[in-house]
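Numbering (our numbering), first residue to last: 115 to 541.
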């Protein structure tokens, strides 16, 4: 019997083909009976053909139909049962964002969470990345780093050049791996997953955390937005499935013409084994010489424009100095210097503590040292709906602490005012 093609069980279980029943039939026969593929596809693509011309004229049509159906039914039943019990999905995870290593924060947490969850489900993961990922134990996986090349160019040209570098090196690795599907964290000016999926004829599953065109227009002015729009549209069109973290992002994609059937809303979550009360907060309070009677309010994250850290700093300055309150602001980012300048007096008096960027393993104990945890996100610059699903909110919830958060998008859906958090209308 001819060798069987790899069976795309994970994709087949959860994803109904947008092409309809005929494409599902073709896919099933391709994965289980490769020698029947050409005949079936000819029939599906050319319905005017007579069945005898496909199966051969050597026996009556009724007999041919019956024998063929029984033979294929037996094979499908046997292989479907076998794969549903024993098949392990092989997945290549692509992280193709040239630049500094992924720092501790939401992105690193999300990458780690996705890979560990897929592994826990029995999948074999091969990771191909531009760089290291904070807090990620690469020794547990087949992990390849394709470092970016330093070129003297604009930021857009740097990304475009290194997309070619990454794609050229990654595709041969993916061809050797022969995964069941490719999972890519969408990145600016990247087509690596699109090219690889076409080359190995496997589906591309795209993790889409927001429009890079929108980010380039409002937050991170990279330039070449018209070209970036073409890259983004290519990724969205080529993906068999697109994973987003919120209903707002799903609606945004549908408004751009992406079929709703290929979009999966998969909100962020938390590892409750790592983030839980009583995991070392006492030692942290002693380390920072925080008294037992003092109330500690904490924040953890990258100091980016969407996190509201400047607004948080301005609010801290309004808290009367006579109150026994300390603030621990964990992380770093583009606005870190501005926040430190705003709070210089509070830092001098040790009312505000900046631990800086910390190893991922230390985040739970820092949160455990706090009494109140803050998520001060601000509205989007153009007035559009907030599309995020902040990982910090779920980590805060798992710690069992009081939460003060902005009433924005999914945050206001996950948290209930005066029940699980104090929600504030952002300005």
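Virtual Cβ for every residue (Gly too), placed ideally from N, Cα, C.
Cα-Cα separation between residue i and residue j, rounded to whole angstroms
{"i": "residue 512", "j": "residue 494", "result": "27 Å"}
{"i": "residue 281", "j": "residue 310", "result": "8 Å"}
{"i": "residue 489", "j": "residue 421", "result": "7 Å"}
{"i": "residue 531", "j": "residue 540", "result": "14 Å"}
{"i": "residue 344", "j": "residue 222", "result": "27 Å"}
{"i": "residue 398", "j": "residue 506", "result": "19 Å"}
{"i": "residue 321", "j": "residue 225", "result": "10 Å"}
{"i": "residue 451", "j": "residue 248", "result": "22 Å"}
{"i": "residue 356", "j": "residue 319", "result": "6 Å"}
{"i": "residue 496", "j": "residue 502", "result": "15 Å"}
{"i": "residue 463", "j": "residue 441", "result": "12 Å"}
{"i": "residue 504", "j": "residue 475", "result": "19 Å"}
{"i": "residue 521", "j": "residue 262", "result": "39 Å"}
{"i": "residue 468", "j": "residue 525", "result": "25 Å"}
{"i": "residue 492", "j": "residue 286", "result": "43 Å"}
{"i": "residue 279", "j": "residue 470", "result": "33 Å"}
{"i": "residue 529", "j": "residue 395", "result": "24 Å"}
{"i": "residue 538", "j": "residue 437", "result": "21 Å"}
{"i": "residue 516", "j": "residue 293", "result": "44 Å"}
Three-state secondary structure assigned by DSSP to residue i
{"i": "residue 329", "result": "helix"}
{"i": "residue 275", "result": "helix"}
{"i": "residue 497", "result": "coil"}
{"i": "residue 390", "result": "coil"}
{"i": "residue 253", "result": "helix"}
{"i": "residue 336", "result": "coil"}
{"i": "residue 280", "result": "helix"}
{"i": "residue 149", "result": "Because the pLDDT of residue 149 is 43, which lies under 50, any placement of that residue in the model is unreliable, and the question is left without a value."}
{"i": "residue 196", "result": "Because the pLDDT at residue 196 is just 47, under 50, the model does not fix this residue reliably, and the point stays unresolved."}
{"i": "residue 268", "result": "coil"}
{"i": "residue 529", "result": "coil"}
{"i": "residue 536", "result": "strand"}
{"i": "residue 260", "result": "coil"}
{"i": "residue 464", "result": "coil"}
{"i": "residue 457", "result": "coil"}
{"i": "residue 359", "result": "coil"}
{"i": "residue 246", "result": "coil"}
{"i": "residue 469", "result": "strand"}
{"i": "residue 414", "result": "strand"}
{"i": "residue 433", "result": "coil"}
{"i": "residue 287", "result": "helix"}
{"i": "residue 292", "result": "coil"}
{"i": "residue 319", "result": "strand"}
Of the listed residues the options, nearest to residue i (C-alpha basis)
{"i": "residue 241", "options": "370, 204, 480, 266", "result": "204"}
{"i": "residue 253", "options": "467, 239, 244, 266", "result": "239"}
{"i": "residue 256", "options": "308, 434, 206, 325", "result": "206"}
{"i": "residue 251", "options": "361, 473, 360, 235", "result": "473"}
{"i": "residue 381", "options": "523, 395, 437", "result": "523"}
{"i": "residue 371", "options": "347, 332, 392, 274", "result": "347"}
{"i": "residue 308", "options": "469, 284, 508, 369", "result": "284"}
{"i": "residue 514", "options": "482, 526, 529", "result": "482"}
{"i": "residue 374", "options": "353, 521, 480", "result": "353"}
{"i": "residue 455", "options": "424, 228, 475, 244", "result": "424"}
{"i": "residue 227", "options": "527, 509, 325", "result": "509"}
{"i": "residue 232", "options": "263, 297, 292, 291", "result": "297"}
{"i": "residue 289", "options": "323, 266, 527, 316", "result": "316"}
{"i": "residue 366", "options": "324, 439, 394, 342", "result": "324"}
{"i": "residue 443", "options": "260, 527, 295, 487", "result": "487"}
{"i": "residue 584", "options": "342, 237, 439", "result": "With the chain running from 115 to 541 in the structure shown, residue 584 is simply not present."}
{"i": "residue 351", "options": "368, 379, 359, 361", "result": "368"}
{"i": "residue 485", "options": "500, 458, 518, 461", "result": "518"}
Per-residue burial, residue i [other beta carbons within 10 Å of its own, 16 or more giving buried]
{"i": "residue 165", "result": "With a pLDDT of only 38 at residue 165, under the threshold of 50, the placement of this residue in the model should not be trusted, and no figure is reported."}
{"i": "residue 448", "result": "exposed"}
{"i": "residue 391", "result": "exposed"}
{"i": "residue 211", "result": "buried"}
{"i": "residue 570", "result": "Since the first and last residues shown for the chain are 115 and 541, residue 570 lies out of range."}
{"i": "residue 498", "result": "exposed"}
{"i": "residue 265", "result": "exposed"}
{"i": "residue 416", "result": "buried"}
{"i": "residue 435", "result": "exposed"}
{"i": "residue 412", "result": "buried"}
{"i": "residue 363", "result": "buried"}
{"i": "residue 235", "result": "exposed"}
Given 8 Å, three or more beta-carbon pairs between the segment 302 to 321 and the segment 337 to 346: The segment 302 to 321, when compared against the segment 337 to 346, does touch it at the 8 Å Cβ threshold.
Segment contact, 8 Å Cβ cut-off, at least three pairs: the segment 381 to 393 with the segment 319 to 331: No, because fewer than three Cβ pairs between the segment 381 to 393 and the segment 319 to 331 fall closer than 8 Å, the two stretches do not touch.
The segment 418 to 434 touching the segment 398 to 407, judged by at least three CB pairs closer than 8 Å: no
The segment 311 to 326 in contact with the segment 265 to 277 per 3-pair CB rule at 8 Å: no
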